[in-house]
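Working notes, beginning with the structure itself.
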Amino acid sequence: MLKKMMFYTRLGYKLIKKDVINKDDYREEYNKVSETYINWLNEMGRFTDKIISLEHMPKDKKLKILDFACGTGYISKSILEKDINCEITAIDYSDKMLEKLKNLEDNRLRVVHCDGIEFLKNTKEKYDIIYFGWGLSYFNHRKLFRLFKKVLNDGGIVGIITNVQGTLSDIEDIFMKVMYRNYEEVVKPMDIRFNLPNGKKGLTKWFTQYGFEKIEVEDGEVLVTFQEPEQLLKWLNETGAAAGTACIFKDYDLIKDNLIQEIEKVRYNKGRYEINHRFAYGIFKLR
Ligand SMILES: C[S@@+](CC[C@H](N)C(=O)[O-])C[C@H]1O[C@@H](n2cnc3c(N)ncnc32)[C@H](O)[C@@H]1O
Numbered sequence: 031m032l033k034k035m036m037f038y039t040r041l042g043y044k045l046i047k048k049d050v051i052n053k054d055d056y057r058e059e060y061n062k063v064s065e066t067y068i069n070w071l072n073e074m075g076r077f078t079d080k081i082i083s084l085e086h087m088p089k090d091k092k093l094k095i096l097d098f099a100c101g102t103g104y105i106s107k108s109i110l111e112k113d114i115n116c117e118i119t120a121i122d123y124s125d126k127m128l129e130k131l132k133n134l135e136d137n138r139l140r141v142v143h144c145d146g147i148e149f150l151k152n153t154k155e156k157y158d159i160i161y162f163g164w165g166l167s168y169f170n171h172r173k174l175f176r177l178f179k180k181v182l183n184d185g186g187i188v189g190i191i192t193n194v195q196g197t198l199s200d201i202e203d204i205f206m207k208v209m210y211r212n213y214e215e216v217v218k219p220m221d222i223r224f225n226l227p228n229g230k231k232g233l234t235k236w237f238t239q240y241g242f243e244k245i246e247v248e249d250g251e252v253l254v255t256f257q258e259p260e261q262l263l264k265w266l267n268e269t270g271a272a273a274g275t276a277c278i279f280k281d282y283d284l285i286k287d288n289l290i291q292e293i294e295k296v297r298y299n300k301g302r303y304e305i306n307h308r309f310a311y312g313i314f315k316l317r
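This is the structure in C-alpha cells:
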C-alpha cells in the first residue's frame, strides 16, 4: 500500500513538473533506431504507400511537397521514383535518420535538419501537399494542425498515416507494472497516450476541427508475431515503435529481463508472442 502511494505520488509529481520523456529524448532514440528502422519499413511501408497518392492534386503545375518528420525518407524516395514535376522539402530533427537520405542526389529534394514545429513557424514557403508518416504521436496535434494550415496553399492536402489508440495493446500496462515494481529506477515517465487519435473517426474529428475536410480515411491493423518474447521487445526497440521507453529507467539494460517476463505472461497466444499495430491513414484537404 505504502509502495503504491509512493509510486503514484512520484509519478504524479513528475507529470505535474513535466519531468517526462521529451523532444530531446525522442531525438536520441531515433538516432539510435536509424540503423534498424528499415525493419519497420519492411513490415509497414506498404501501408505508408496508401497515402502517397497524387490523385487529388493539379497535374499542370510543379507541386511543392513537404515530407514532415521524414525520418530516413521513405515517402520522399517513393515520390522521387515517380516521374513527377515537384519540389520536395524533407524535414526531421534526427541527424542520424537524415543520414540515410544524404546520398540521394536529386535536385528535386531539399533536406532540412530542424525541429518540425520551429520549421513550420519560421518558413515563408507554402506547400501543396504535406506528407506525414508515423510521427503524429510526437506532436501536440492542436499546435501542429494550426501550423499545417499556415504553410498550406488554398486547397492543399495532408496525407497522413498514424498510430491510433489501442495500438501496442498491453505494452503500456507492461511498462506501468515494471515501473511500479522498480519505481526507484524510474527517471522519467511518458505520456504519449494522449497524443493518439481514436481511430479514423478521431483522426477525422481532429482534422475537421482545424478547417480540413476528409477526402478519404481508413483504419488498419497488423499483428506481428515472434517465437520468443525477447524478439518482441527487440522489435519494439529497433523499429522505434516504443521510442522513448528506454529513457524511462536509469539503466534500461537492468530492466529488460523484467519486461521480457511480463511480455511472456501477457502477450502469449497459441505458441507465439504477438503485438498489434493499429493505425489510421487518410487524405485531408484544406477547405
Ligand atoms: C516513426 S518515424 C517516421 C519517419 C517517416 N515519416 C516514415 O514514414 O518512415 C518518426 C520520425 O519523427 C521524427 N520526429 C519526432 N519528433 C520530431 C520533431 N519535433 N521534429 C522533427 N522530427 C521529429 C523522428 O526523428 C523520426 O524520424
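Numbering-wise (the numbering used here), the sequence shown opens with residue 31 and increments by one.
Every residue, glycine too, gets a C-beta built ideally from N, C-alpha and C.
Have a look at the options and flag the residue whose alpha-carbon is nearest the alpha-carbon of residue i.
i: Asn193; options: Leu174, Asn183, Leu166 and Arg176; result: Leu166
i: Leu263; options: Phe237, Glu155 and Asp287; result: Asp287
i: Ile285; options: Leu150, Val217, Gly232 and Lys89; result: Val217
i: His307; options: Trp164, Lys300 and Asn170; result: Trp164
i: Ile190; options: Thr119, Lys80 and Tyr282; result: Lys80
i: Glu260; options: Phe242, Thr39 and Glu304; result: Glu304
i: Asn69; options: His171, Asn225, Tyr104 and Pro88; result: Tyr104
i: Arg172; options: Leu253, Met74, Gly274 and Leu233; result: Leu233
i: Lys180; options: Ile293, Asn267 and Phe149; result: Phe149
i: Asp90; options: Thr269, Thr197, Ile114 and Gln239; result: Ile114
Measuring only from the beta carbon, is residue i closer than 7 Å to any heavy atom that is part of ligand 1?
i: Ser83; result: no
i: Ile68; result: no
i: Cys100; result: yes
i: Lys151; result: no
i: Thr78; result: yes
i: Met220; result: no
i: Ser124; result: yes
i: Tyr118; result: Before going further, note that residue 118 is Ile rather than Tyr in the sequence given. Not so, every heavy atom of ligand 1 lies at least 7 Å from the Cβ.
i: Gly146; result: yes
i: Leu71; result: yes
i: Trp164; result: yes
i: Ile105; result: yes
i: Lys53; result: yes
i: Tyr168; result: yes
i: Met209; result: no
i: Gly270; result: yes
i: Arg57; result: yes
i: Met87; result: no
i: Tyr60; result: yes
i: Met127; result: yes
Helix, strand or coil: which one does DSSP assign to residue i?
i: Glu65; result: coil
i: Glu248; result: strand
i: Ile190; result: strand
i: His86; result: coil
i: Gly270; result: coil
i: Asp79; result: helix
i: Glu155; result: coil
i: Lys229; result: Per the sequence shown, residue 229 should be read as Gly rather than Lys. Gly229 falls in the helix class under three-state DSSP.
i: Thr238; result: helix
i: Leu11; result: This structure leaves residue 11 out entirely; the chain is present only between 31 and 317.
i: Cys116; result: strand
i: Arg317; result: coil
i: Phe98; result: strand
i: Ile201; result: helix
i: Asp184; result: strand
i: Val254; result: strand
i: Val296; result: helix
i: Phe169; result: coil
i: Ile109; result: helix
i: Glu135; result: coil
i: Tyr104; result: helix
i: Tyr213; result: helix
i: Tyr161; result: strand
i: Asp122; result: strand
Under 8 Å, Cβ to Cβ, is there at least one residue of chain D near residue i?
i: Ser64; result: Annotation note: the requested chain D is absent from the structure, which comprises a single protein chain.
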